[in-house]
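Participant: For the sequence shown, the working numbering assigns the number 90 to the initial residue and increments by one for each residue that follows.
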Amino acid sequence: MGQAPNFKNILFDLGGVILDINVQATLKQFYELGFPAELMQFPNSMTTDLYFRYETGKLDTEQFRNEIRKAAGIEMTDQAFDEAWNAMLVRFPEERIAMLKKLSKRYNLYMLSNTSSLHVKVFEKMYLEVAGEPMQEVFKKIYYSHEIGWHKPDLEAWEYVLNDAHIKADETLFLDDNIHNIKASQELGFQAIHIHERIQLMSLGFDL
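(1) Whose C-alpha, out of Met215, Glu260, Lys257, is nearest the C-alpha of Ile110?
(2) Determine, using beta carbons only, whether Asp265 and Ile256 come nearer to each other than 7 Å.
(3) Our contact map puts Asn252 next to Lys97 with C-beta atoms below 8 Å; I'd like the distance itself, whole angstroms only.
(4) Check whether the Cβ atoms of Phe124 and Ala169 lie closer than 7 Å to each other.
(5) Using DSSP's beta-bridge definition, name the partner residues of Ser274.
(6) In the DSSP assignment, find the unbroken alpha helix (DSSP H) run with Arg158 in it and report its ends.
(7) For Val211, name the three-state secondary structure that DSSP assigns.
(8) If you count every other CB in all the chains shown that lies within 10 Å of the CB of Ile104, and 16 or more means buried, which is it?
(9) Just to confirm before moving on: does the CB-CB distance between Tyr199 and Lys230 stay below 7 Å?
(10) Once you ignore the five residues that flank Ile282 on each side, which residues in its own chain have a CB closer than 6 Å to its CB?
(11) Counting Cβ pairs closer than 8 Å, one from the stretch 151–167 and one from the stretch 183–190, do we hit at least three?
(12) Kindly list the residues whose CB is nearer than 7 Å to the CB of Leu207, restricted to its own chain and excluding five residues on each side of it in sequence; keep chain order.
So, in structure tokens, the structure goes:
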């Protein structure tokens, strides 16, 4: 980044920062399975609440599937549901993986992701296929919302990371593609960069 960085830790979001995602692909598959169009509108109060409960570990995968089926009023196999749910997970660009490996030699890398057990099984395998090693090789610790019981932008999610990793917010750079998460992290003193279509991970100019 040109001058000497004033952080020693980098806390990454996953989707939209490291992993390419396409939420519309999941919505399209559910619609093709017969989901009512109104349930495909985000945020829908009912399905959004179910998702938040799932991604904070308050529902397990079987309960989540059944609640969504009930909300949609249709039957589908677990396989069809899982394929639709995971359709949003697109790819890990090789250049981002290469950058992570270089960054891990200079900084302490952590991840904080709003996610679910269904997604984790798939994207961890996707990462392994591209990187040739598990995510845990570059990240000192990975925090998934469904495991820690908090999701961004709840301040408790970052507080959990700070306490568990024994790091300081003002010594940590946070990267996320959701502006609400960026603003929330800054309340706790994180240095933060909003990743979006004009500011991507590969264009940040990290000192490697």
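Every residue gets a Cβ at the ideal spot worked out from N, C-alpha and C, and that includes glycine.
Facilitator: Checking against the coordinates, here is how it stands:
(1) Here the closest residue by C-alpha is Met215.
(2) no
(3) With a Cβ gap of about 18 Å, Asn252 and Lys97 do not count as contacting.
(4) No, these two residues do not count as a Cβ contact at 7 Å.
(5) Beta-bridge pairing by DSSP links Ser274 to no other residue.
(6) 150–161
(7) Secondary structure of Val211 (DSSP, three-state): helix.
(8) Position check: residue 104 holds Gly in this sequence, whereas Ile was assumed. Gly104 is buried by the Cβ-count criterion.
(9) yes
(10) Leu264
(11) no
(12) Thr150, Asp171, Trp174, Asn175
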